[in-house]
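For reference, the structure discussed in these notes is given below.
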Amino acid sequence: MRTETLEFSSVLGDTTAYVALPDETDADTKAVIVVQEYWGLNDNIKKIAGRYADEGFIAVAPDLYLGEVTADKQEAAKLMKNLKTEDGLDIINKTIITLQDKHGVTKIGITGFCMGGTFALEAACKLEGLRAAAPFYGDIPDEFTLKGLKCPVLFISGTKDQWIDPEKVAELERIAKTETLPIESVKYEADHAFFNETRPEVYDEAAAKDAWKKVIAFFNENL
22 MRTETLEFSS
32 VLGDTTAYVA
42 LPDETDADTK
52 AVIVVQEYWG
62 LNDNIKKIAG
72 RYADEGFIAV
82 APDLYLGEVT
92 ADKQEAAKLM
102 KNLKTEDGLD
112 IINKTIITLQ
122 DKHGVTKIGI
132 TGFCMGGTFA
142 LEAACKLEGL
152 RAAAPFYGDI
162 PDEFTLKGLK
172 CPVLFISGTK
182 DQWIDPEKVA
192 ELERIAKTET
202 LPIESVKYEA
212 DHAFFNETRP
222 EVYDEAAAKD
232 AWKKVIAFFN
242 ENL
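Using my numbering, you'd call the opening residue of the sequence shown number 22 and step up by one each time.
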């Protein structure tokens with residue numbers, strides 16, 4: 022694996038994206054955009070990007086906070102609140118364009134966790150250039166937004182999650198069924214952020230390992 026940094030401008034100003042690449046890439050190499058949790062572009066997200074590179078994907082983690090990272094919940098909540106949806110989507114869109122221009126890839130998927138999961142599903146509904154999305158416990162867009170879905174989705178959640186609770190997931194499933202949307206819902210008996218191994222109070226190793234296998238298979242099939 023090797024790493025590099027993408028630099029580009031957004032409506033919020035200049036920002037970057039962390040890139041983890043397999044040892045060999047070509048025009049057929051698949052790429053996955055990894056969107057941060059509300060903590061920022063921290064080492065955990067970079068490590069996840071590295072795991073994708075080890076699986077043969079180009080993994081790109083855009084910095085939605087323009088360099089700010091925190092381990093404090095109140096500060097993280099403030100940073101997330103101050104980030105407008107359209108501004109985060111602009112950074113993700115610029116990431117897609119920069120990735121296409123620099124590496125010539127056309128097979129691009131997106132994933133994300135918590136806040137990043139929210140952005141991943143929004144992006145799948147609103148942005149061009151994405152072929153698959155695997156949001157982890159992100160918030161649910163409104164029905165009008167979901168009707169614009171442009172690619173298959175693997176939505177991953179935990180039944181013990183008090184934020185993206187079973188009622189929200191059931192509403193997503195209802196809309197998907199009513200509108201015949203390509204959304205598969207996978208649920209684990211786990212808490213919010215169960216994939217984050219740096220948070221032992223919620224991390225669920227069995228659920229995280231199974232979800233990883235499903236997501237890799239999903240991207241390999243759809244990209």
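Built from N, CA and C at the ideal position, the CB exists for glycine as well.
DSSP bridge partner residues for residue i (one or two, in chain order)
i, result
"Ile177", "Phe157 and Val207"
"Pro83", "Ala38"
"Val190", "Val190 is not bridged to any residue."
Cβ-based neighbour list, residue i, same chain, cut-off 6 Å, excluding 5 preceding and 5 following
i, result
"Pro43", "Ala74 and Gly77"
"Lys168", "Glu200"
"Leu202", "Leu170"
"Glu194", "Ser206"
"Asp225", "Ala211 and Phe215"
"Lys189", "Ile161"
CA-to-CA distance, residue j to residue i, given in whole angstroms
i, j, result
"Tyr39", "Ile129", "16 Å"
"Lys147", "Glu89", "26 Å"
"Val56", "Met101", "13 Å"
"Glu28", "Phe176", "30 Å"
"Ile79", "Lys234", "17 Å"
"Glu164", "Ile196", "7 Å"
"Ser178", "Ser31", "30 Å"
"Ala145", "Asp160", "13 Å"
"Arg72", "Thr166", "31 Å"
Cutoff 7 Å; reference residue i; Cβ partners in own chain excluding five residues on either side
i, result
"Arg220", "Ala214"
"Thr37", "Thr26, Leu27, Glu28 and Asp84"
Where residue i falls, given that 16 or more other Cβ within 10 Å makes a residue buried
i, result
"Ile113", "buried"
"Asp212", "buried"
"Ile118", "exposed"
"Met136", "buried"
Chain-order list of residues whose beta-carbon lies under 8 Å from that of residue i (same chain, five-residue window excluded)
i, result
"Glu192", "Ile161"
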